[in-house]
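Asker: Can you keep this structure in mind? I'll have questions shortly.
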Amino acid sequence: MNRRRHFQRALVVLLIWSTGIFAAEFRVDTLQENSVVFYAKATMGNFTGKTDRIRGFIRWENGDTVASSQVHFEVDLASFDTGVGLRNKHMREKYLETDSFPTAVYEGKITEWKFNREGVYKVKTEGTLTLHGVTRPFSARATVFDRGKVYQVFLQFRLVITDFGIKQPRFLLASMQPKVVVQVNFYLRKTEPHPPSVGN
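Our numbering puts the last residue of the sequence shown at 1220; the count rises by one with no breaks.
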């Protein structure tokens, strides 16, 4: 019986997410434990930066879900915490220049949505990433987990920050490699579709 219920739920999810019969919108649930973490290598030791300030949505209109999909996410760069106050200040002021470029923005569309196994889906999106005022093509592959009332999204990718006009960070005697690994983990909750906005 449980297996049958899981199958029925998976079928409903596929209908909602993949057939495009309904207009739908899923927004980041800010009450969940969302995180964006970058892992950096430096000459004097590796470090991480973390924030929970991610906002955005996935939505589509009636019709083909892939063709009509819209993906929009923003990350508050000034909120990254590396665990060292002075390093945070240097990252914000000298390198990310968050007064001028406060957010990183990803905009795109769903290009693939595949049922992987019970309650797990593989998704590919393609679009652009804007960071430090520079916009570049960007694609991402994510794993989506059906958690009942919310969907957990996890993805990991590598990013070369100098590709976006960011100087290679240097902290006293240490220098940071420009290539970082980024892990993103957030939760989406279904909402009523409305015009695109990333406000709360």
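C-beta atoms are modelled at their ideal positions from N, C-alpha and C, and glycine is treated no differently. Source: prediction; values computed, not measured.
1. Is the separation between the beta-carbon of arginine 1073 and that of aspartate 1096 shorter than 7 Å?
2. Span of the alpha helix (DSSP H) holding glycine 1105?
3. If you reduce the DSSP assignment to three classes, tell me which class alanine 1098 lands in.
4. Among Pro1122, Lys1199, Val1086, which one has its Cα closest to the Cα of glutamate 1132?
5. Ordered along the chain, which non-local residues of its own chain (more than five positions away) have a Cβ less than 7 Å from that of leucine 1208?
6. First and last residue of the beta strand (DSSP E) that includes proline 1157?
7. At what residues does the beta strand (DSSP E) containing phenylalanine 1046 begin and finish?
8. Quick one: what does DSSP say valine 1170 is sitting in, helix, strand or coil?
9. Under a three-way DSSP split, which group does serine 1055 fall into?
10. Whole beta strand (DSSP E) runs in the stretch 1177-1214 with 3 or more residues, listed along the chain?
11. If you count every other CB in all the chains shown that lies within 10 Å of the CB of arginine 1137, and 16 or more means buried, which is it?
12. Please state whether DSSP places isoleucine 1041 in a helix, a strand or coil.
13. Please return the same chain residues whose Cβ sits closer than 6 Å to the Cβ of proline 1189, not counting the five positions on each side in sequence.
14. Label alanine 1060 either buried or exposed according to how many other C-beta atoms from any shown protein chain fall within 10 Å of its C-beta, with 16 as the threshold for buried.
15. Can you check whether the CB of glutamate 1081 is closer than 7 Å to the CB of alanine 1043?
Answerer: A quick look at the data gives this:
1. yes
2. 1105-1110
3. helix
4. Val1086
5. Phe1046, Arg1047, Val1048, Asp1049, Ile1078, Val1170, Tyr1171, Val1173
6. 1154-1166
7. 1044-1048
8. coil
9. strand
10. 1199-1211
11. exposed
12. Per-residue confidence for isoleucine 1041 stands at a pLDDT of 48, beneath the threshold of 50, marking its modelled position as unreliable; the derived number appears in the next sentence. If DSSP states are grouped into helix, strand and coil, isoleucine 1041 belongs with coil.
13. Tyr1115, Met1196
14. buried
15. yes
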